[in-house]
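Asker: Chains as they are written, first to last, in numbering that gives the first Met the number 0: chain D, 0 to 221; chain A, 0 to 221; chain L, 0 to 221; chain F, 0 to 221.
4 protein chains.
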Amino acid sequence: MTTGSKFPVKRPRAKSGSTSGRPKFRRRADARPDEILDAALAVFTEKGFDAARVDDIAMRAGISKGAVYLYFNSKDALLRGLIEREVAPAAHRLRALAEAGGDDPKSTLTLLVTAATQLLSDPRMFATPKLVLSVAPRFKEIAQFYRERVIDETIGAIASLHRRGVENGAFRDIDSDAVARMVIGPILVHAMRKHVLGAKDAAPPDLRAKAHLQILFEGIAA
Amino acid sequence: MTTGSKFPVKRPRAKSGSTSGRPKFRRRADARPDEILDAALAVFTEKGFDAARVDDIAMRAGISKGAVYLYFNSKDALLRGLIEREVAPAAHRLRALAEAGGDDPKSTLTLLVTAATQLLSDPRMFATPKLVLSVAPRFKEIAQFYRERVIDETIGAIASLHRRGVENGAFRDIDSDAVARMVIGPILVHAMRKHVLGAKDAAPPDLRAKAHLQILFEGIAA
Amino acid sequence: MTTGSKFPVKRPRAKSGSTSGRPKFRRRADARPDEILDAALAVFTEKGFDAARVDDIAMRAGISKGAVYLYFNSKDALLRGLIEREVAPAAHRLRALAEAGGDDPKSTLTLLVTAATQLLSDPRMFATPKLVLSVAPRFKEIAQFYRERVIDETIGAIASLHRRGVENGAFRDIDSDAVARMVIGPILVHAMRKHVLGAKDAAPPDLRAKAHLQILFEGIAA
Amino acid sequence: MTTGSKFPVKRPRAKSGSTSGRPKFRRRADARPDEILDAALAVFTEKGFDAARVDDIAMRAGISKGAVYLYFNSKDALLRGLIEREVAPAAHRLRALAEAGGDDPKSTLTLLVTAATQLLSDPRMFATPKLVLSVAPRFKEIAQFYRERVIDETIGAIASLHRRGVENGAFRDIDSDAVARMVIGPILVHAMRKHVLGAKDAAPPDLRAKAHLQILFEGIAA
DNA sequence: CATGAATGAGACTTCATTCAT
DNA sequence: TATGAATGAAGTCTCATTCAT
Chain D
0 MTTGSKFPVK RPRAKSGSTS GRPKFRRRAD ARPDEILDAA LAVFTEKGFD AARVDDIAMR
60 AGISKGAVYL YFNSKDALLR GLIEREVAPA AHRLRALAEA GGDDPKSTLT LLVTAATQLL
120 SDPRMFATPK LVLSVAPRFK EIAQFYRERV IDETIGAIAS LHRRGVENGA FRDIDSDAVA
180 RMVIGPILVH AMRKHVLGAK DAAPPDLRAK AHLQILFEGI AA
Chain A
0 MTTGSKFPVK RPRAKSGSTS GRPKFRRRAD ARPDEILDAA LAVFTEKGFD AARVDDIAMR
60 AGISKGAVYL YFNSKDALLR GLIEREVAPA AHRLRALAEA GGDDPKSTLT LLVTAATQLL
120 SDPRMFATPK LVLSVAPRFK EIAQFYRERV IDETIGAIAS LHRRGVENGA FRDIDSDAVA
180 RMVIGPILVH AMRKHVLGAK DAAPPDLRAK AHLQILFEGI AA
Chain L
0 MTTGSKFPVK RPRAKSGSTS GRPKFRRRAD ARPDEILDAA LAVFTEKGFD AARVDDIAMR
60 AGISKGAVYL YFNSKDALLR GLIEREVAPA AHRLRALAEA GGDDPKSTLT LLVTAATQLL
120 SDPRMFATPK LVLSVAPRFK EIAQFYRERV IDETIGAIAS LHRRGVENGA FRDIDSDAVA
180 RMVIGPILVH AMRKHVLGAK DAAPPDLRAK AHLQILFEGI AA
Chain F
0 MTTGSKFPVK RPRAKSGSTS GRPKFRRRAD ARPDEILDAA LAVFTEKGFD AARVDDIAMR
60 AGISKGAVYL YFNSKDALLR GLIEREVAPA AHRLRALAEA GGDDPKSTLT LLVTAATQLL
120 SDPRMFATPK LVLSVAPRFK EIAQFYRERV IDETIGAIAS LHRRGVENGA FRDIDSDAVA
180 RMVIGPILVH AMRKHVLGAK DAAPPDLRAK AHLQILFEGI AA
């Protein structure tokens, strides 16, 4: 799962277990690809995939344009490598969230919503989703990859949390996917307004999370 | 306010008062701008703004590349003209939704959610939002324009609907913006999964709307 | 010589002597080509040949772009027609100058220099020469045409004036072409500085002419 | 003042201190800008600014079209860079001419006229003036730049030479600018006839210079 | 490993010219 | 005769990618 790479990336140095010679002093050459991807994420997010020039990325990574091609075969590969790298942390984050509260579904959900609200207030956390959304029409594989590995995983995790709560007697028996959308949706709306459409925050995260949970648990009917 | 055009569009001599009758034989110049914008929306949505070639748009509109420039000064102008044209209908649609159910807030909200769920299942209805999301990082003005005229309007309309319900005694007194996000969010999540990330529908719209409303009104707590 | 047209121009109306029907009231259609050439001269002079758009010319002539092509086959033809038309007046002007002063070579030359200095202070009078200079590298035929019919004619006229003066005993026997260059040169220098390079006038025409003649007749040596 | 560059030119990393010796094998990047400007001068002179294609220039410089843009931002920049580069030599040449003959104004003027006549018989020497004349209507700044730095400098130098002669008792006290025009004018007339309008030489330079000086010093009156 | 000069395909945009009306 | 919508052939400029050093 970690090794199987859907989007192959050039690895200029055989990562052979051999502690070949001395670890040298020279370059933290192993870090290069990551540095480049960091730069790529920044530039792609800022300008969009097409408008970003490989030169920009190289410059932000502090290397020459040619050097980028030592590590990645193409601009597309850069994008794919980036998304691929970002999926693992995203998936990890969401799993951490889903397991946040131990085995009480209700408090777990509370923690999850609070943490997610907090998290997605950070522009860096929303950088990858934003990028994926903007390139999705052209890179169907990336869209699919991201959906399956991040979105559907998240929905699935929340749904299963809900089901546990149902069995538990904590939650009413409703369509779990709908529940998941009720959990994610409001947070997404806010994140999009803010990070994509440039809105300024109104309410602070904790208040938003609180209201969100209140409605989620009890509804809006009097 | 409705007439004031933020993004000016070339209008080649309006051929005054021409309610001329016959659909003409060739040169139905009056329809051209709209035809071009239709084509532009299709191509932009499909490929993204940068990847779309003016040639593609011209071809889809059934005219030559040069002819596009008879009506629009640049590719950017095409985008702006398009967004501008689409904002009015979008705003109108949402207003229609918000006023869907007469003066009973509860049933109004029910109708609104049902209709919105229905509506956003149609790819064409989500085409403009999708496009806006993809160009937002580069065209801040468009992002702002769309947010103010569509998103914030929608949120405001729902929020005020909620406030009426509160005064009415139909709804509990909660943060109205949070309510609005609970109304929009789940629908948006589904639309994005489907239209942007390419997911196949699972539940049909009416079921989704029903579950959505159930949770919205009564919450998920047992 | 007058009829033989080196650069053929479309004549949409057979100029047959027939006073065909009524002279009509309608359009002074016969004037059209001239109006167009007027417009062309203005625009070409202002922007240069390439930068001038046929649309500009049409607009300045108060007609549609298509109408220009009813009278001229191409933009090049417009240029050639224009130059051709301007050559006659230019030649006529210079001949008038050369014959300005009756049969006293000295006073003729005086009048000629005075008049030419005066004349070339007018931007419109220098418009065609300026245009010819700017297109000469590309339109060799025009360059040649203009040189033979205007420049060389002028030089010839002055030279022959000089020769008459020599026979007359009024002038010393020197290279007549050199004399002609001494007559034209200073005037040209001023015209170029002013009309082409945008300099502001310093001395007024009469003073310039006077100094010019003084040197011409007596030299600068003490 | 000499360093202050009115028309900035892209300089791709000066490869510091490289007095490296060998003519290198490929990539003699240091020479590139100059090579390109040489090519540009040739093509612009031949065809005029607009009719010249960047491709032509690149081809004549022996590089690809794209490479031109590594050194110059635009076709305009190419023109400006070219003019700027040519102004210094032109100014230098004229200064050298003005100081040609030591401190005897009369012989200085004689040398100056002889040299200038000689010089402007060379097409390459007239290439830049010719170019400037052809683009002047569209590039007012270039026209002004050239006038101030070359034309007016020349006129000024000759005028001051004349004034020295006046003080000296060598020349009569006449309008010095008029004198300057009498010096330059005839040479310019010949150069234009030849290099711009394509005339064939008649008299050889030395004869022309001689006649020019004779008239200049003694006038044409018997 | 790294550089950066160089290429070449292609995009947007302009405009002379045509043609149906 | 006149219009103006439409075309299509360029032309300028950009940038991903390559390659000699």
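Ideal placement from N, C-alpha and C gives every residue a C-beta, glycine not left out.
Being a predicted model, the structure only gives us computed values, none of them experimental.
Counting only C-beta atoms, is Ile219 of chain D closer than 8 Å to chain A at any point?
Answerer: Within the first sequence, numbered from 1, the residue matching residue 219 of chain D stands at position 220. By this cut-off, Ile219 of chain D is an interface position.
Asker: Strictly by DSSP, which residues pair up with Ala202 of chain L?
Answerer: As a first step, residue 202 of chain L must be located in the third sequence, where it is residue number 203. BP columns for Ala202 of chain L are empty, so no partner.
Asker: Would a check of beta-carbon distances place Ser106 of chain F closer than 8 Å to chain L?
Answerer: Taking the fourth sequence and counting its residues from 1, one reaches residue 106 of chain F at position 107. Not one chain L Cβ lies under 8 Å of Ser106 of chain F.
Asker: Please list the partners that Ala177 of chain L has in chain F, where partner means a Cβ-to-Cβ separation under 9 Å.
Answerer: Numbered from its first residue, the third sequence carries residue 177 of chain L at position 178. Chain F residues near Ala177 of chain L: Pro185, Ala202, Leu206, Arg207, Lys209, Ala210, His211, Gln213 and Ile214.
Asker: For the putative contact between Gly47 of chain F and Ser133 of chain F, defined by C-beta atoms under 8 Å, what is the C-beta separation to the nearest angstrom?
Answerer: As a working note, residue 47 of chain F is residue 48 in the fourth sequence. As a working note, residue 133 of chain F is residue 134 in the fourth sequence. Gly47 of chain F to Ser133 of chain F, Cβ: 5 Å. Contact.
Asker: Determine which residues of the segment 44-61 of chain F have a Cβ less than 9 Å from any Cβ of chain L, and write them out in chain order.
Answerer: Within the segment 44-61 of chain F, the residues whose Cβ lies closer than 9 Å to some Cβ of chain L are Thr44, Glu45, Lys46, Gly47, Phe48, Asp49 and Ala50, listed in chain order.
Asker: Using beta carbons (cut-off 8 Å, strictly below), is Met124 of chain D in contact with chain A?
Answerer: As a position in the first sequence, residue 124 of chain D is number 125, starting the count at 1. By this cut-off, Met124 of chain D is not an interface position.
Asker: For Arg21 of chain A, which residues in the same chain have their Cβ closer than 7 Å to its Cβ, ignoring the five residues on either side in sequence?
Answerer: Locating residue 21 of chain A in the second sequence gives position 22, counting from the first residue. The predicted position of Arg21 of chain A is uncertain, since its pLDDT is 33 and thus under 50; a value taken from the coordinates is nonetheless stated next. Taken in chain order, the list of residues that qualify is empty.
Asker: Residues in its own chain within less than 8 Å of Lys23 of chain L by CB, not counting five upstream and five downstream?
Answerer: Against the third sequence, residue 23 of chain L aligns to sequence position 24. Since pLDDT at Lys23 of chain L reaches only 39, below the 50 mark, its modelled position is unreliable, and the value read off the structure follows with that caveat. Correct list: empty, nothing qualifies.
Asker: Here's the rule: buried if 16 or more other CB atoms are within 10 angstroms of the residue's CB, otherwise exposed. What is Arg25 of chain L?
Answerer: The count along the third sequence starts at 1 and reaches residue 25 of chain L at position 26. The predicted position of Arg25 of chain L is uncertain, since its pLDDT is 42 and thus under 50; a value taken from the coordinates is nonetheless stated next. By the 10 Å Cβ count, Arg25 of chain L comes out exposed.
Asker: Tell me whether Asp176 of chain A is buried or exposed, calling it buried when 16 or more other Cβ atoms sit within 10 Å of its Cβ.
Answerer: Here residue 176 of chain A is taken as the residue at index 177 of the second sequence, counted from 1. Result: buried.
Asker: Would you kindly work out how many angstroms separate the C-alpha atoms of His161 of chain D and Val86 of chain D, rounded to a whole number?
Answerer: Here the question's residue 161 of chain D lines up with position 162 in the first sequence. Here the question's residue 86 of chain D lines up with position 87 in the first sequence. Each residue's alpha carbon lies about 24 Å from the other.
Asker: Is there a C-beta anywhere in chain A that falls below 8 Å from the one on Lys139 of chain D?
Answerer: Reading the first sequence from its first residue, position 140 is the one you call residue 139 of chain D. Yes - at least one Cβ of chain A is within 8 Å of the one on Lys139 of chain D.
Asker: Could you please give the first and the last residue of the uninterrupted alpha helix (DSSP H) stretch that includes Ala95 of chain F?
Answerer: Within the fourth sequence, numbered from 1, the residue matching residue 95 of chain F stands at position 96. Counting along the chain, the alpha helix (DSSP H) containing Ala95 of chain F begins and ends at Lys74 to Ala97.
Asker: Answer yes or no: do Leu81 of chain D and Thr153 of chain D have a C-beta to C-beta separation smaller than 8 Å?
Answerer: Counted from its first residue, the first sequence places residue 81 of chain D at position 82. Counted from its first residue, the first sequence places residue 153 of chain D at position 154. No, these two residues do not count as a Cβ contact at 8 Å.
Asker: How about Gly218 of chain L and Glu217 of chain F: are their beta carbons less than 8 Å apart?
Answerer: Mapped onto the third sequence, residue 218 of chain L falls at position 219. Mapped onto the fourth sequence, residue 217 of chain F falls at position 218. Yes.
Asker: Please compile the residues from chain D whose C-beta is within a distance smaller than 8 Å of the C-beta of Val195 of chain A.
Answerer: Counting from one through the second sequence, the residue named residue 195 of chain A turns up at place 196. Those within 8 Å of Val195 of chain A in chain D are Leu132, Ala135, Pro136 and Ala142.
Asker: Would you say Ala66 of chain F faces chain L, with C-beta separation under 8 Å as the test?
Answerer: Here residue 66 of chain F corresponds to residue number 67 of the fourth sequence, with the count starting at 1. Taking Cβ atoms only, chain L never reaches closer than 8 Å to Ala66 of chain F, which makes this a no.
Asker: Should Arg207 of chain A be labelled buried (16 or more other beta-carbon atoms within 10 Å of its own) or exposed?
Answerer: In the second sequence, counting from the first residue as 1, residue 207 of chain A sits at position 208. Burial call: buried.
Asker: Given Pro7 of chain A, which residues of its chain have a CB within under 7 Å of its CB, disregarding the five upstream and five downstream residues?
Answerer: As a position in the second sequence, residue 7 of chain A is number 8, starting the count at 1. Confidence in Pro7 of chain A is poor, its pLDDT being 48 and thus under 50, which makes the residue's placement unreliable; the coordinate value appears in the next sentence. Once the five neighbours on either side are set aside, Pro7 of chain A has no close Cβ partner at all.
Asker: Look up Ala179 of chain A in the DSSP assignment and give the residues it is bridged to.
Answerer: If you number the second sequence from 1, residue 179 of chain A lands on position 180. BP columns for Ala179 of chain A are empty, so no partner.
Asker: Would Asp174 of chain L count as contacting chain F if we go by Cβ distances under 8 Å?
Answerer: By 1-based counting over the third sequence, the position of residue 174 of chain L is 175. Closer than 8 Å: yes.
Asker: Whole-angstrom Cβ separation of Ala57 of chain D and Ala66 of chain D, contact assumed at under 8 Å?
Answerer: Numbered from its first residue, the first sequence carries residue 57 of chain D at position 58. Numbered from its first residue, the first sequence carries residue 66 of chain D at position 67. Contact flag correct, Cβ pair sits at about 7 Å.
Asker: Identify whether Ala221 of chain L lies in helix, strand or coil by the three-state DSSP scheme.
Answerer: Numbered from 1 along the third sequence, position 222 holds the residue referred to as residue 221 of chain L. Ala221 of chain L falls in the coil class under three-state DSSP.
Asker: Taking 8 Å as the threshold, find out whether the segment 139-146 of chain A comes into contact with the segment 190-200 of chain D through three or more Cβ pairs.
Answerer: A contact exists between the segment 139-146 of chain A and the segment 190-200 of chain D.
Asker: Figure out for me which residue from A:Ala39, A:Ile150, A:Ala169 and A:Leu108 has the closest Cα to the Cα of His211 of chain A.
Answerer: In the second sequence, residue 211 of chain A corresponds to position 212, counting from 1. For His211 of chain A, the nearest C-alpha among the options comes from A:Leu108.
Asker: Would you call Arg84 of chain D buried or exposed, if buried means 16 or more other Cβ atoms sit within 10 Å of its Cβ?
Answerer: Translated into positions along the first sequence, residue 84 of chain D becomes position 85. Under this definition Arg84 of chain D is a buried residue.
Asker: By how many angstroms is the C-alpha of Tyr70 of chain D removed from the C-alpha of Ala30 of chain D?
Answerer: Counted from its first residue, the first sequence places residue 30 of chain D at position 31. Counted from its first residue, the first sequence places residue 70 of chain D at position 71. Going by the C-alpha atoms only, they are around 11 Å apart.
Asker: In the structure shown, what three-state DSSP assignment does Phe138 of chain A receive?
Answerer: Mapped onto the second sequence, residue 138 of chain A falls at position 139. The answer is coil: DSSP assigns Phe138 of chain A none of H, G, I, E or B.
Asker: In chain L, which residues lie less than 9 Å from Ile150 of chain F when you measure between Cβ atoms?
Answerer: On the fourth sequence, position 151 is the one that residue 150 of chain F refers to. Those within 9 Å of Ile150 of chain F in chain L are Val188, Met191, Arg192, Leu196 and Ala198.
Asker: What residues in its chain sit with their C-beta under 7 Å from that of Thr190 of chain F, if we drop five residues either side in the sequence?
Answerer: As a position in the fourth sequence, residue 190 of chain F is number 191, starting the count at 1. Thr is not the amino acid found at residue 190 of chain F; the sequence shown has Ala there. If we look at Ala190 of chain F and ignore the five residues flanking it on each side, its Cβ neighbours are Leu119 and Phe125.
Asker: Nearest to Phe170 of chain L by alpha carbon, out of L:Leu77, L:Arg59, L:Asp103 and L:Pro32?
Answerer: Here the question's residue 170 of chain L lines up with position 171 in the third sequence. Of the listed residues, the one whose Cα sits closest to Phe170 of chain L is L:Asp103.
Asker: Would you kindly report the start and end of the unbroken alpha helix (DSSP H) that includes Val195 of chain F?
Answerer: In the fourth sequence, residue 195 of chain F corresponds to position 196, counting from 1. Val195 of chain F -> no alpha helix (DSSP H), and no H or E assigned at all.
Asker: Please confirm whether Gly168 of chain F has its beta-carbon closer than 8 Å to some beta-carbon of chain L.
Answerer: Working through the fourth sequence from its first residue, we reach residue 168 of chain F at position 169. Cβ-Cβ to chain L under 8 Å: yes for Gly168 of chain F.
Asker: From Thr1 of chain D to Leu187 of chain D, what distance separates their C-alpha atoms?
Answerer: Working through the first sequence from its first residue, we reach residue 1 of chain D at position 2. Working through the first sequence from its first residue, we reach residue 187 of chain D at position 188. Only weak support exists for where Thr1 of chain D lies, its pLDDT of 40 falling under 50; the coordinates are left without a value.
Asker: Evaluate Gly184 of chain D with the Cβ neighbour count: other Cβ atoms within 10 Å of its Cβ, from every protein chain shown; 16 or more gives buried, anything less gives exposed.
Answerer: Within the first sequence, the letter at position 185 stands for residue 184 of chain D. Classification of Gly184 of chain D: buried, given that the 10 Å Cβ count is 16 or more.
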